Structures are given as structure tokens and as C-alpha cells.
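Worksheet for the structure shown next.
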Amino acid sequence: MSHQLGRIVSQILHRYFGEIVQNVGYDLFIYGSKSINMIVKTTGLPRTRIVDSLRTLLKFDLATFESTDVFVNYKLLPENILLLIRYPRYLLQMKSKYGSEAEMLVEELLQQASCSATVLIVTVMNKYKDDKEKNINMINLKDTFISLVTAGYIQQAPVAELNEGSEAPILVPVETKVPELDLRDLMQAMANNLADVKDNTYWKVNYDRFHLDFRDDLMIKAITRRIDENAGELMRLLLEQMYLTMAPWAAESCPVPAVELRESARRLADRPLLQQHVDQYLRVIEESGGEFVRRCGDAGGGQYAVCARRAAERLLEALLDHCVTERLGSKAHRIFRLIRSKKYIEEEDIQKNAMLPNKECKELTYKLLEEHFISVQPMRKAASAGGTAKAIYLYHVKIHEVAHTVREMCYRALHNVISVGAHMRQSHARLLDKQRRVRSIVHGMRVRGEPQDNIDDVLETLTPPELAAVSAAEAKLRTLAAAEIELDRALFILTCYFAYPR
Amino acid sequence: MAGRGRGKVSSSSLTHDQLQALGINRGDNTPQVLAPPPLFPKLEAKPLPLNCDAATDYMVIVKDQFIEYLHESPAYVKANTRTDGIERYSDKYKLLALDAKKGKILNCIWDNMPPELRPHAGRVCVTARKRKLNDPTDIAKRLQTLEKKETQESADVDMETTEANIKKENEDNEEELEDEQEPEEEIDDGTDYANNYFDNGEDYEDEDDNLDDGPVY
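And the structure:
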């Protein structure tokens, strides 16, 4: 709940839902929890607009409500607003893992926020039925939907329950049951009007499942880069075993006997090296795999546990290292690493151990201190004999606090990126609009098969200087968007770290 | 002794020795800078280039599509635009586009929403009935008229007058209702789906006022 978070949240709301929702959202962010009447008072917006914005916020799960006996209080969920930026990543994950049908389903579901299975499938079907390239059919869509539900990417939306006395419902999460969809019903719904469909089970995207995927990918990728692909594959097997026995966000998994791992490795036909050397690989991962895996017993040929929390910490440390290197250079990074490995260290020892010239070392240390990457703990010697009580200054790294600092940095950078993008879009609005119009006209002409000369005529309405300006602006916008995605990756590592309680 | 020594240290700033330990020599004191730092400081290190692969391109496109979809959908809340009284050629098209959007309401699961957000008429009747019953003077009046009605049952003429009374009273009630709805109409600007539905917040205001007067003992 920091100032930077408020700024970025309001910026995101502005980009996705417009100015009014931004005002309402920011108002809710500042005051915590509020009723409609209070929002009307502080924002000075017309009541209907506020109602509209609250509907939007509630629909996309960006706010919750809570009813007292007199009125209903609304509360913003800033974490979910930040997830709006991650939507493209979810879709990419779906496309690469389950193919384009899953992607279409999840995309539609993200757009609708929550809807019933029938409506979802029929809308996707209607949307793409003319598209010959996609070539989708109802049976495949239905099967994909069911497999997504089984895998937990889609879950049942909470159900409203009326409580006595007040009219506002209370949303109760329900356990997801794999639905049985009848193909005949779906066909009928397709033929008839969608409004008549009576399907009261609503579904929504389960973000957490995606986050687990991202975390696993991060861990596997880290091991792969550190050791080799076979080790990465073994890490995947370990994680699979972990899911069988433990809650997915548990700090440490149950011990997995090496025998089981050997058996599941044997099933992988394409990795003969891994099959031969499972034990050796396990040992290498344990010893130099960044403490992702811990050997915790000798029974059954050795037992191994996945330390997810430690892994998150290590990933965070890598992120912090990267941050320090890019901001202050590799020498500062050396000092940072040194302080972290020594826990508490005096200034003179930093100079000795970092092997840097005295002055430069001090300068960098103070710079690190200034940017809140390290902290200092003064220790006074009690009752020293001389008149000047000499104090010792111990430098150390408070990982949790540094993580907060870096998160604030990310928020600030994200805010800057989005606002620069918005400004750029606004200042080139006319040109971008024109370009889009030309494109759509040309597309229409191509479809109709008009002669090339006419198409060229239309294309020439964009003059060369205009074209240059537009393409420069577009390139910049693309860079900004890519930066946004990268920042979101960094934020994901940070949230992963914060997901494990200290 | 010790206490005095400690007090001395804490009261003054760093001693010469300490300053030297921190790496500040006598000549090192830089002149004070009084100007505010620049709004956009120069980057000391050039940031790394972003990797632009197919996956990033795909994500950028998907993001833009999603934003576009939201801007077209009723989730994007727009203020009612006021015209400046000058007719323009483009007005026709703009209005057409606006009208197409205006009729749409956000498609939500209304059961999961608090009642004050649902686009639903007919709740006014409920509140009105409640209000009639709640008002004790109103009940007393009604009882009186009914009593009168009972006692004067024999006389037809009287009966008519009481009936007239009741009618009149009903009208009064309706007038009251209308009064209550008036401010709401001022707030609502043109959209009709939410017109008769919302509690206009007067109750809340009243209560608030009472609270301001002080607690009731």
C-alpha cells in the first residue's frame, strides 16, 4: 500500500478503463473501504457513472464489497489490477502449452471475466467460425475446456449466498467440479439465441495456477542454465512429485525417494544420459543447484526435497544482483555480494575483501547505502576508556527490505513506462488513427480484389514524412510495451518471494 | 564518566576522527548545491537492450487487442459529453457511435453484485411500502379513517367523504414519493435503466445529521 503502488494502479485503470474508473479506483485505494455515497462525495462524479465504474471493477475482480447492515462498502484489490498487465503472458503460456484453442478460450474468458461454459464455447465458436485457418470445431473446444478445468487453469467462480437481514450477497468460493457438457445442448445453444441459455455455473480464470507454472518454469530454467538440460528435466520430475504430495505453495516439499525419480526418469525415452546418471545428476543439483533441492535422508537410496522458498529467495537474490550491477556497476555488485555473504561486516573489512581502492570502495558503499540496497547498524562500545567512544558501523543486507525497495522501483518504472506510452500515443493520435484507417481500407480492397493501382493510391495518402513519423512512434511504443513485460517478469519474481511468509 | 562521554558524542555531530574514518578529509568538503536536482537526471549507465523475440511481439499484440476490446466494451466508462452548441458535420457519426454504445449495459452476474449496483426497477415499491408502514403518524391516520369508516357505515354520504379522504391521502403519499425522487433525477443524466431504482441516499444523509447533533441518551 505504497504511494508508488497507488500511482501505478491508477495509471493502469486509466489505460484499461478510462478516466472515471481511474478516479473511483484511486479514491478507493486512498481510503481503503468506502460506500457509494462517500465516493460520490469525495469524487464529485455523477452517481450513475460511479455505479458503472464499480460494476466494471467488481466484474473484473478488481474490487470486492462487504455489506454492513446499512450500506455496502467497496474495497480495491491492487494486486489484481497489477495482474492486468500479465494477461498477455497467460495467453502465451496457453498457446505454447495447450495450443491455440486453449488460447482462444482463455482469451475470451479473460475478456468476459466470468461466464458460463456454454456461453464461452458458443461465443468462441461464433467468433472464429468463418476463419478457415483456425479450423475449430465444437468437440475440440469442449474437450479443451474440460481439460483446462481439470488442469486447474479455469475454476468455478464464487457463488452468491444471501444472508439473513441484508440484501447484499456474500460471495462464497466453491470447489471446482469438472463439468459434463452435452454436445447436443451446445449445438442447440449455437443455433438459438444465447440469451435463452440456462447455465448457471460460472467460470473464471485461475491466476494462481498460471503463477505456479511460471514459478516452475523459472526454477527449471535456472537449473538448466546452471547445469544442463538433463538436470532441468530432473528438476521438472522433482516438481511433479512435489505436486503429488504437497500443497503447491508449500515452503518445502515432502521428501521424494530417489527410487521413484529413477523410475519416472526411465519413462523418458529421449534422455538416455539422464536415465544412466540419475544419481549423479541428483548429487550435482543438490550441491551446486542453488539450494533448490535438499537431500534430507538416506532411506530408499536417498531422499530429496524441493525447497521452494529457498529457491524463491535465490531467484530474488539473482534479481537484486542484476539490479545493482545495472545501476551501479559490477564493482558495487561485488561489494553488495560480499556484504551479503558475510552477513555483518565492518567498513574496513569491505575494503580489504572487495579488493578495491579505498576511496572508490567507500564511495560505492555509500551509494549502495543511499539507494537502500544495504543498511548500516551502528554498534557503540559500552564504556570505552578513552573520551571518544568509538562506534563500529556494521553493514548488512536486509533482503526483505531490499526486495521492497526494488518492488517500489519496479512500480515507479512501470508507471513511467505506461505514462510515456500514453503520452506518445496521444501526441501521435491523429497519425496512428489515419494509419489504421488506411490499413483497414486497403484490407477491404484486397478482399474485394480491386486492382493494385487503386490500392497504391490509397496507400499514398500517407505521405513519406508521415510514414516515417508513424513508424518511429510505433517502434518506440513497441519498445515500451516490451519493457513493460520485462518489468512484470521482475515483479513476478518479487511476488513469488513475498508469497512465502517469512 | 561513561554517561558524560556518551552524552557528549550524541549531542555533537561526528568528530574529526569519525569523519576521517568515513573517508571525508578536510579539503573534501564539496560546496553546497542549492539548486534542485534535475527532473530527468542523466542515465549513468545505458540500460540493456530489450530482447524482442516472437513471443514478446505476440504479447504486445495481444495486449493491444485486449485494451482495444475493453475500450469498445461498456466496461470503459465515459462521461456524458456536453456539446458546445456548434453543429458539426462529424456530429452525426459520433452520435451514431455513441448511441450504439449507450444501450449496452455491462454483462455481469447480477446475483453476485450488491443490490445497489443491479439495473433493476421495481424495488422502489418495496421501499415505498416500507416507508408507509414505518411512519407511525401515517399508521395512526389510516387507523383513524378506518375507525371513522366503521362508525359511520350507515351514512352513505359520509362514506364517500372518507373515501375521498383516503384518495387524497394516497395522492399525498405519491407526492411525497415524487419529492423524494426529484433529486435523483437531477443526478441521473439521461440513462433510463437505473432511474427508479436507486436509493437516493437521503436516508443516509438524515441519519448522518442526527449523528451530528449528538448521541441520543
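Chain order of the listed sequences is A and B.
For the first sequence, the residue numbers in the UniProt record's numbering are 1 to 502.
For the second sequence, the residue numbers in the UniProt record's numbering are 1 to 217.
For glycine and all other residues, C-beta sits at the position ideal for the given N, C-alpha and C.
What you are looking at is a predicted structure, and each value in this text was computed from that prediction instead of being measured.
Range covered by the alpha helix (DSSP H) that runs through residue i
i, result
"Tyr393 of chain A", "Element bounds for Tyr393 of chain A: not the alpha helix (DSSP H) but the beta strand (DSSP E), 391-396."
"Ile121 of chain A", "117-128"
"Ile81 of chain A", "78-83"
"Gln22 of chain A", "19-31"
"Leu143 of chain B", "136-151"
"Ala102 of chain A", "100-112"
"Gln65 of chain B", "54-72"
"Phe71 of chain A", "Taken as a continuous stretch (DSSP letters only), Phe71 of chain A belongs to no alpha helix (DSSP H), as it is neither H nor E."
"Glu466 of chain A", "464-499"
"Cys108 of chain B", "Run containing Cys108 of chain B: none; DSSP gives neither H nor E here."
"His16 of chain B", "16-21"
"Asp453 of chain A", "452-459"
"His333 of chain A", "330-342"
"Asp182 of chain A", "No alpha helix (DSSP H) holds Asp182 of chain A; DSSP gives it neither H nor E."
"Phe145 of chain A", "138-151"
"Lys367 of chain A", "358-370"
Start and end residues, beta strand (DSSP E) containing residue i
i, result
"Glu66 of chain A", "63-67"
"Gln155 of chain A", "154-156"
"Ala168 of chain A", "That residue, Ala168 of chain A, is in no beta strand (DSSP E); it is neither H nor E in DSSP."
"Ala160 of chain A", "159-162"
"Leu379 of chain A", "Just to set this straight, residue 379 of chain A is Met in the shown sequence, not Leu. 375-380 is the extent of the beta strand (DSSP E) around Met379 of chain A."
C-alpha distance - residue i paired with residue j, whole-angstrom precision
i, j, result
"Leu21 of chain A", "Leu462 of chain A", "This sequence places Val at residue 21 of chain A; Leu is not what is there. Approximately 35 Å, taken between the alpha carbons."
"His80 of chain A", "Arg86 of chain A", "The sequence shown places Asn at residue 80 of chain A, not His. Each residue's Cα considered, the two are about 10 Å apart."
"Leu319 of chain A", "Arg327 of chain A", "12 Å"
"Leu274 of chain A", "Arg489 of chain A", "30 Å"
"Ile97 of chain A", "Leu239 of chain A", "Residue identity differs from the one stated: residue 97 of chain A is Lys in this sequence, not Ile. Their Cα atoms are separated by approximately 17 Å."
"Glu486 of chain A", "Asn163 of chain A", "45 Å"
"Leu171 of chain A", "Thr64 of chain A", "9 Å"
"Phe145 of chain A", "Lys476 of chain A", "38 Å"
"Asp54 of chain B", "Ala482 of chain A", "Note that residue 54 of chain B is Ala in the sequence shown here, rather than Asp. Whole-angstrom Cα-Cα distance: 11 Å."
"Ala112 of chain B", "Phe17 of chain A", "The question names Ala, but residue 112 of chain B in the sequence shown is Asn. For Asn112 of chain B and Phe17 of chain A, the distance between alpha carbons rounds to 21 Å."
"Leu467 of chain A", "Val442 of chain A", "15 Å"
"Met235 of chain A", "Lys75 of chain A", "40 Å"
"Arg15 of chain A", "Tyr26 of chain A", "13 Å"
"Arg337 of chain A", "Thr201 of chain A", "53 Å"
"Pro74 of chain B", "Ser67 of chain A", "26 Å"
"Met246 of chain A", "Glu252 of chain A", "9 Å"
"Val174 of chain A", "Asp61 of chain A", "16 Å"
"Leu5 of chain A", "Pro78 of chain A", "8 Å"
"Val24 of chain A", "Leu480 of chain A", "27 Å"
"Asn416 of chain A", "Ile345 of chain A", "36 Å"
"Asp91 of chain B", "Ala191 of chain A", "38 Å"
"Pro378 of chain A", "Leu34 of chain B", "30 Å"
"Asp64 of chain B", "Ser419 of chain A", "15 Å"
"Ile8 of chain A", "Gln276 of chain A", "51 Å"
"Arg478 of chain A", "Met59 of chain B", "10 Å"
"Trp110 of chain B", "His211 of chain A", "29 Å"
Query - Ordered list of beta strand (DSSP E) runs contained in the UniProt domain "RNA polymerase III Rpc82 C -terminal" (196-315) of chain A, each at least 3 residues - result: Counting only runs of 3 or more, we get 202-205, 293-297, 303-306.
Query - Chain-ordered residues of the region 61-82 of chain B with a beta carbon less than 9 Å from chain A - result: Within the region 61-82 of chain B, those residues whose Cβ lies closer than 9 Å to any Cβ of chain A are, in chain order, Ile61, Val62, Lys63, Asp64, Gln65, Phe66, Ile67, Tyr69, Leu70, His71, Ser73, Pro74, Ala75, Tyr76, Val77, Lys78, Ala79, Asn80.
Query raised in the report: Which residue spans inside the region 395-446 of chain A form an unbroken alpha helix (DSSP H) run of at least 4?
Result: Restricted to the region 395-446 of chain A, the alpha helix (DSSP H) segments that are unbroken, complete and at least 4 residues in length are 399-427, listed in chain order.
Query raised in the report: Using 8 Å as the Cβ pair cut-off and three pairs as the minimum, do the region 105-113 of chain A and the region 196-214 of chain A touch?
Result: Because the criterion of three Cβ pairs below 8 Å is met, the region 105-113 of chain A and the region 196-214 of chain A touch.
Query raised in the report: For the region 433-440 of chain A against the region 448-463 of chain A, are there 3 or more C-beta pairs whose distance is under 8 Å?
Result: Yes: the two stretches touch, three or more of their Cβ pairs being nearer than 8 Å.
Query raised in the report: If you pair each beta-carbon of the region 32-50 of chain A with each one of the region 90-104 of chain A, do three or more pairs fall below 8 Å?
Result: At 8 Å Cβ cutoff, the stretches do not touch.
Query raised in the report: Relative to chain B, which residues along the region 28-56 of chain A have a C-beta separation below 7 Å, given in chain order?
Result: Of all residues in the region 28-56 of chain A, only Ile36, Asn37, Pro46, Arg47, Thr48, Arg49, Val51, Asp52, Ser53, Leu54, Arg55, Thr56 come within less than 7 Å of chain B when Cβ atoms are compared, listed by chain position.
Requested in this report: Please determine if the region 390-409 of chain A and the region 424-433 of chain A are in contact, where contact requires at least 3 C-beta pairs separated by less than 8 Å.
Outcome: With a cut-off of 8 Å on Cβ pairs, the region 390-409 of chain A is not in contact with the region 424-433 of chain A, counting fewer than three such pairs.
Report task. Report the residues of the region 3-24 of chain A with a CB closer than 8 Å to any CB of chain B, ordered along the chain. Result -> Those would be Arg15, Tyr16, Phe17, Gly18, Glu19, Ile20, Val21, in chain order.
Query raised in the report: Is the region 138-154 of chain A touching the region 218-229 of chain A in the sense that three or more CB pairs, one from each, lie closer than 8 Å?
Result: By the criterion of at least three beta-carbon pairs nearer than 8 Å, the region 218-229 of chain A is not in contact with the region 138-154 of chain A.
Query - Segment contact, 8 Å Cβ cut-off, at least three pairs: the region 178-190 of chain A with the region 117-128 of chain A - result: Flag = yes, the region 178-190 of chain A and the region 117-128 of chain A touch.
Query raised in the report: Okay, do the region 255-274 of chain A and the region 292-300 of chain A touch, 3+ Cβ pairs below 8 Å being the bar?
Result: Contact check between the region 255-274 of chain A and the region 292-300 of chain A: three or more CB pairs, one atom from each, fall below 8 Å, which counts as touching.
Query - Touch test, the region 345-353 of chain A against the region 307-316 of chain A, Cβ-Cβ under 8 Å, three pairs minimum - result: With a cut-off of 8 Å, the region 307-316 of chain A and the region 345-353 of chain A do not count as touching, because too few Cβ pairs lie within range.
Requested in this report: With 9 Å as the limit, tell me which residues of the region 77-94 of chain A have their beta carbon closer than that to any beta carbon of chain B; keep them in chain order.
Outcome: Within the region 77-94 of chain A, those residues whose Cβ lies closer than 9 Å to any Cβ of chain B are, in chain order, Leu84, Ile85, Tyr87, Pro88, Arg89, Leu91, Leu92.
Query raised in the report: Is it true that the region 329-346 of chain A meets the region 370-382 of chain A, where meeting means three or more beta-carbon pairs spaced less than 8 Å apart?
Result: A contact exists between the region 329-346 of chain A and the region 370-382 of chain A.
Query raised in the report: Using Cβ-Cβ distances below 9 Å, what residues of the region 427-454 of chain A are close to chain B?
Result: For the region 427-454 of chain A, no residue has a beta-carbon sitting nearer than 9 Å to a beta-carbon of chain B.
**Report entry** Selection of the region 326-343 of chain A by Cβ proximity to chain B, strictly under 9 Å
**Finding:** Answer in chain order: Glu326, Arg327, Leu328, Gly329.
Report task. Would you list, in chain order, the members of the UniProt domain "RNA polymerase III Rpc82 C -terminal" (196-315) of chain A that have their beta-carbon closer than 8 Å to a beta-carbon of chain B? Result -> Residues Tyr202.
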